[in-house]
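For the sequence shown, the numbering used here gives the first residue as 6, with consecutive numbering after it.
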Amino acid sequence: MFLTVRDLTMRFGGITALADVSFDVDEGRITGLIGPNGAGKTTCFNCITRFYQPTSGAIAFKGENLLDCPPFRITSRRIARTFQNLELFGTMTVLEHVLVGAHARFGRELDERTATSNALEILEYLGLAGEAHKPVRSLSFGARKMVELGRALAAKPELLLLDEPAAGLGHEEVERLGETIGRIRRDFATTILMVEHHMALVMGISDRIVVLDSGRKLAEGEPSAIRGNRAVIDAYLGTS
Ligand SMILES: Nc1ncnc2c1ncn2[C@@H]1O[C@H](COP(=O)(O)OP(=O)(O)OP(=O)(O)O)[C@@H](O)[C@H]1O
Ligand SMILES: [Mg+2]
């Protein structure tokens, strides 16, 4: 099994952000993680990427216990992510951001010339080649989100976690994003776990959906089944 999350529980003082959540992510597929605000989606990402130490439960990646892995080794375990709130450095250039992603994974294995040519290829792939030497703060919000994606891709992840990639994007940008994610899965042979509130996008490109509500797993299944699931409609879809 590729990624397994078992009985994952995360408490912050009196708040239980995740309670006994279990699900699997299949290799090569796109899994959507959805649910209302505060459901525990980002917390789940933070546990997988080891930003948080779960209160209890197990997370295994390709059969190995991920909870043994310190956060700074996550990238070398071939896991990369983007953030719900952009985590970029305004004065650094687009290219520098993507190089950071490559260095996080390959360290000194990669010489600067190869790293730069790989990074430029990724920027080309994401339609950002013309922005390579611009500081990130001069870019539109949509382009900054692509920079985050580029930084994650530079680590050549086997598992890519996307936390609300469509948030704040316009209609056309969301359509392009959906195509880009589909292409990435194919061209980078990456498995994707995506948190998203944009239902057309997540239902359109996911093979499977896991629904969280108030820290618990409410449902999981194919998009068509999730759309028609009464509990999911009541807790989430009916209100969106
Ligand atoms: N570091 C933290 N300290 C205290 N509480 C936290 C922390 N991180 C998350 N929480 C709480 O855990 C719960 C789940 O939050 P989380 O950010 O995972 O939700 P989410 O599903 O990502 O929501 P959204 O769709 O709004 O991003 C919330 O009640 C939140 O306040
Ligand atoms: Mg969140």
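We treat Cβ as the ideally placed atom computed from N, Cα and C, and that holds for glycine.
For residue i, the nearest candidate out of the options (CA to CA)
{"i": "Leu166", "options": "Glu178, Leu174, Glu153", "result": "Glu153"}
{"i": "Asp168", "options": "Leu91, Asp25, Asp29", "result": "Leu91"}
{"i": "Arg55", "options": "Asn42, Thr36, Asn70, Pro41", "result": "Asn70"}
{"i": "Ser229", "options": "Glu126, Gly132, Ala205", "result": "Ala205"}
{"i": "Lys46", "options": "Arg221, Gly33, Phe17, Leu242", "result": "Arg221"}
{"i": "Ala44", "options": "Glu126, Glu201, Ala171", "result": "Glu201"}
{"i": "His176", "options": "Asp25, Arg78, Ser143, His203", "result": "His203"}
{"i": "Ile35", "options": "Ile189, Leu242, Arg181, Lys67", "result": "Ile189"}
{"i": "Gln89", "options": "Asn42, Phe66, Gly132, Ile20", "result": "Asn42"}
{"i": "Leu242", "options": "Ile20, Gly18, Glu126, Gly40", "result": "Gly40"}
{"i": "Ser143", "options": "Gly95, Ala171, Glu126, Glu117", "result": "Gly95"}
Residues of its chain near residue i, where Cβ-Cβ distance is below 7 Å and the 5 sequence neighbours each way are ignored
{"i": "Arg11", "result": "Ser27, Gly62, Ala63"}
{"i": "Ala157", "result": "Ala85, Arg86, Thr87, Gly106, Leu165"}
{"i": "Leu93", "result": "His102, Val141, Arg149, Val152, Glu153"}
{"i": "Ile231", "result": "Ile214, Val216, Ala224, Val237"}
{"i": "Glu227", "result": "Arg213"}
Integer-rounded CB distance, given that residue j should sit under 8 Å from residue i
{"i": "Asp31", "j": "Phe7", "result": "6 Å"}
{"i": "Val179", "j": "Val141", "result": "The pair is not a contact, with the Cβ atoms about 21 Å apart (cut-off 8 Å)."}
{"i": "Leu72", "j": "Thr48", "result": "With 8 Å as the limit, Leu72 and Thr48 do not qualify as a contact, their Cβ atoms being about 15 Å apart."}
{"i": "Phe146", "j": "Gly183", "result": "No, Phe146 and Gly183 are not in contact; Cβ-Cβ is about 18 Å, not under 8 Å."}
Residue(s) in a DSSP beta bridge with residue i
{"i": "Pro140", "result": "Thr98"}
{"i": "Glu69", "result": "Phe66"}
{"i": "Ala224", "result": "Val216"}
{"i": "Ala85", "result": "Leu165"}
{"i": "Arg16", "result": "Thr21"}
{"i": "Ile35", "result": "Ile197"}
{"i": "Leu8", "result": "Val30, Phe66"}
{"i": "Ser61", "result": "Thr14"}
Residues near residue i by beta carbon distance below 8 Å, same chain, minus five either side
{"i": "Ala107", "result": "Leu115, Ala120, Asn123, Ala124, Ala159, Ala160"}
{"i": "Leu128", "result": "Val99, Leu100, Val103, Ala134, Glu136, Ala137, Gly155"}
{"i": "Pro75", "result": "Arg55"}
{"i": "Asp29", "result": "Met6, Phe7, Leu8, Thr9, Val10"}
{"i": "Lys139", "result": "Thr98, Val99"}
{"i": "Gly132", "result": "Met151"}
{"i": "Gly3", "result": "Because residue 3 is not part of the residues shown, which for the chain are 6 to 245, the question remains open."}
{"i": "Ser245", "result": "The predicted model places Ser245 with a pLDDT of 48, which falls under 50 and marks its position as unreliable; any figure quoted below should be read in that light. Cβ neighbours of Ser245 beyond the five flanking positions: His202, Met204."}
{"i": "Ile186", "result": "Ile35, Leu167, Pro170, Ile197, Met199, Ile210"}
Residues near residue i by beta carbon distance below 6 Å, same chain, minus five either side
{"i": "Thr80", "result": "Ala109, Arg110, Ala160"}
{"i": "Arg83", "result": "Pro162, Glu163"}
{"i": "Pro59", "result": "Leu13, Met15, Cys52"}
{"i": "Phe66", "result": "Leu8"}
Proximity test, Cβ basis, 8 Å: residue i and chain C
{"i": "Val152", "result": "Protein chain content of the structure displayed is limited to a single chain, and chain C is not contained in it."}
Meets three-Cβ-pair contact criterion under 8 Å: the stretch 110-117 and the stretch 192-211: no
Three CB pairs or more closer than 8 Å across the stretch 194-213 and the stretch 233-240: no
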